[in-house]
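Position in the sequence shown (first residue = 1) + 1173 = the working numbering.
In this text, a Cβ means the ideal position worked out from N, Cα and C, and glycines have one as well.
Here is the structure we will look at, set down as structure tokens.
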Amino acid sequence: MLDATNRSGGTATASPQAIADKLGVTTDLVVATELAGAAPAVLDTARTGTAARCLRVLLSPWSRLSLLLVLLAGAASSVLLFEPQRLLADGWPPQLGGAAAALAFGVAYGLCTVAFVPRPLLNLAAGALFGSQLGLATALAGTVLGAGVAFGLGRILGQDALRPLLRARWLKAADGQLSRHGFRSMMVARLFPGVPFWAANYCAAVSRMGWLPFLLATALGSIPNTAAYAVAGARASSPTSPAFLIAMGFIAVPALVGAVVAWRKRHHLRGTAP
1174 MLDATNRSGG
1184 TATASPQAIA
1194 DKLGVTTDLV
1204 VATELAGAAP
1214 AVLDTARTGT
1224 AARCLRVLLS
1234 PWSRLSLLLV
1244 LLAGAASSVL
1254 LFEPQRLLAD
1264 GWPPQLGGAA
1274 AALAFGVAYG
1284 LCTVAFVPRP
1294 LLNLAAGALF
1304 GSQLGLATAL
1314 AGTVLGAGVA
1324 FGLGRILGQD
1334 ALRPLLRARW
1344 LKAADGQLSR
1354 HGFRSMMVAR
1364 LFPGVPFWAA
1374 NYCAAVSRMG
1384 WLPFLLATAL
1394 GSIPNTAAYA
1404 VAGARASSPT
1414 SPAFLIAMGF
1424 IAVPALVGAV
1434 VAWRKRHHLR
1444 GTAP
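And the structure:
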């Protein structure tokens, strides 16, 4: 038996069982306090782990590729819905003119190329709306803008998922050509029509071609074809004029040369892959 001093100065006897019960309660309180303090840390760790897993899933190559496909499908649907080709028939809004109109058209041109609108139609519209010179400058600015946007989207959202799929011999050959000789290959693709504009953009994005060679080759290689279409659009009201006929010749000849070169290089492209 243990003695303890009471309020009147006497002693009170405490049993070992009572002391053990008190010690047990104290231990439970300490443990509960420690658990209560540790619970937020455990919850924070679980939340952080869940957030990290969700972030990895969202940033995975296939998730980004899915986002790219959704964006492209939405852009193509918007083009079908708003029908930008009506500009050729209805003309540019009268309240928008001068440099502001050219700037707006250049931005719209670039976005339309990302949404798979054919460049020849846009080039004809540029010439018809702004004349040969301003139409050419506006169309070239829109071309570089659209190519840059498409290249950036393909490089950020699609490259990691699509590069492992380059197993076919001709795909490997095309990828090697674009990666090793990017500027020259893109110049040829832009000078000689045959490869759709959007397809060349996304193929270059999946390859290891750099930004500067891609944009520079796009700007320089697009000048002749864009100028021909802009002049044809500006002279469309007089299709028998020499300017219109010369422009149509500049459109037809590169297309024919490109078809001949592609036909002669088809075996080389298939045979260069290891």
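Short Cβ contact (8 Å threshold) for residue i with residue j
i	j	result
Ala-1390	Arg-1363	yes
Tyr-1402	Ile-1419	no
Asn-1374	Ala-1323	yes
Phe-1387	Gly-1355	yes
Cys-1376	Ala-1334	no
Ala-1246	Phe-1289	no
Gly-1367	Gly-1315	no
Val-1317	Cys-1285	no
Ala-1312	Leu-1295	yes
Ala-1409	Gly-1304	no
Ser-1358	Arg-1381	no
Residue i burial status per 10 Å Cβ neighbour count (16 or more: buried)
i	result
Thr-1223	exposed
Leu-1208	With a pLDDT of 47 at Leu-1208, under the threshold of 50, the predicted position of this residue should be treated as unreliable, and no value is reported.
Thr-1413	exposed
Gly-1383	exposed
Phe-1365	buried
Phe-1255	exposed
Leu-1196	Bear in mind that a pLDDT of 48 at Leu-1196, under 50, signals an unreliable position, so the number given afterwards is only what the model happens to contain. With fewer than 16 other Cβ atoms within 10 Å, it is exposed.
Gly-1325	exposed
Arg-1336	exposed
Val-1433	exposed
Ala-1273	exposed
Alpha carbon of residue i to alpha carbon of residue j, nearest angstrom
i	j	result
Leu-1238	Gly-1283	21 Å
Leu-1297	Thr-1221	54 Å
Leu-1302	Gly-1319	19 Å
Ser-1411	Met-1360	32 Å
Leu-1307	Phe-1370	22 Å
Gly-1349	Val-1379	11 Å
Gly-1300	Ala-1416	13 Å
Gly-1331	Pro-1234	7 Å
Leu-1242	Val-1287	12 Å
Ser-1236	Leu-1339	19 Å
Where the alpha helix (DSSP H) containing residue i begins and where it ends
i	result
Gly-1321	1305–1326
Val-1158	Residue 1158 is absent from the structure shown; the chain starts at 1174 and stops at 1447.
Arg-1237	1234–1255
Ala-1334	1332–1335
Segments assigned alpha helix (DSSP H), at least 4 residues, entirely inside the region 1342–1399: Correct list: 1342–1353, 1355–1364, 1370–1379 and 1384–1394.
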